[in-house]
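Just so you know, our numbering puts 796 at position 18 of the sequence shown, and the rest follows in order with no gaps. By construction, the Cβ of each residue, glycine as well, lies at the ideal position given by its N, Cα and C atoms. As the structure is a computational prediction, the values presented were derived from the model and not from experiment.
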Amino acid sequence: MTSPGRGAAVVTGAAGGLGRAVAAALHADGWSVLLTDLDPAAAAAAAVPFGGWSAALDVRDEAACAEIAATAASRDGLGLWVNNAGILVTGPSWQHDGPTRRRVLDVNALGAMNGTLAALAVMRDQGHGHVLNIVSLAGLIAAPGETVYAASKHALLAFSLGTLSDLRTAGYRRVHVSCLCPDGIWTPMLHDRLDDPGALASFTGSMLTSQRVAARAARLARRPRPVVSLPRWRGAQVRLLDALPRLAVALSPLVQAVGRAGQRRQSRRSTPPDRG
């Protein structure tokens, strides 16, 4: 179990959406939270209700991640690092040029790796700490229409679990790495894709709120586990399909039909999410 009294928590991509909700949940749970974002002004505004601690961070910058980890550690140690920053691109893989593919991998996979390793450099010296990576159900199965995004999340999941095994092999029992794999979250990122045929996979389940996912992240911060899916039944569903790739490919038209129905349902039922 990780105690909220063990130092500071860093959240990347925390200026809005899920990142800000995670920061709020951690703050309510007793953590001192450092909100980071590519946009320093937005991060500063988001941090006001939670103690006003914020910083600019481009997760693609390895040295900047190390500097943030050191800054957080200066406040009684670094207890938690949440890699939340991410970007979504949709459509068939051949529609994305090289710079777009690299940008997705640089942020979603390599950026999270930068944050993880910067945090672990501090946590290994401390002898305790927890890295929580926001992955996605797309990290558990190849999502049609979100192939480049899913590839980046698969990479992050494999890196996280392999790193956790490396820590245990090296004797670090109180340094943890966890992955949270939520279904589609009703944030501005998905609101802007209500008419996007490439994003159908994200609408095949019931939309989660940022607050629900953040609450699960806070619980996971208290009690680390290697992989947690939200909701649990969706995790079981996609893992079964992932184990049966021929069936998964054959069901792609059905997935698209369910996703289109989900987009229409979400358009009728929901108000736009807060963009602040």
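- Relative to A993, the option among G791, G785, G794 and V800 whose CA is nearest is V800.
- Counting along the chain, L972 sits inside no beta strand (DSSP E), nor does DSSP assign it H or E at all.
- For L910, the enclosing beta strand (DSSP E) starts and ends at G907 to I912.
- Between the alpha carbons of V1016 and I919 lies a distance of about 6 Å.
- Counting along the chain, P877 sits inside the alpha helix (DSSP H) bounded by residues G876 to V882.
- In the DSSP assignment, W1011 falls within the alpha helix (DSSP H) that extends over R1010 to A1021.
- Distances from the alpha-carbon of G923 to those of C957, T894 and Q873 put Q873 closest.
- In this model, V811 and A842 are separated by some 18 Å (Cα to Cα).
- Excluding residues up to 5 positions away in sequence, L915, G983, L986, L1008, P1009 and R1012 lie with their Cβ nearer than 7 Å to the Cβ of D961 in the same chain.
- Rounded to the nearest whole angstrom, the C-alpha separation of L883 and V913 is 13 Å.
- Around the C-beta of V1027, fewer than 16 other C-beta atoms lie within 10 Å, and the residue is accordingly described as exposed.
- Contact annotation, L998 with L958: C-beta distance approximately 6 Å; criterion of less than 8 Å satisfied.
- Each residue's CA atom was taken as its position, placing P818 and A833 some 6 Å apart.
- In this structure, G917 is the residue among A1035, G917, G857 and D854 with its C-alpha nearest to the C-alpha of G864.
- Scanning its chain for C-beta atoms nearer than 7 Å, with the 5 sequence neighbours on each side dropped, one finds around V885 the residues V837, R838, A863, G864 and I865, in chain order.
- DSSP places L958 outside any alpha helix (DSSP H); the residue lies instead in the beta strand (DSSP E), whose first and last residues are V953 to P960.
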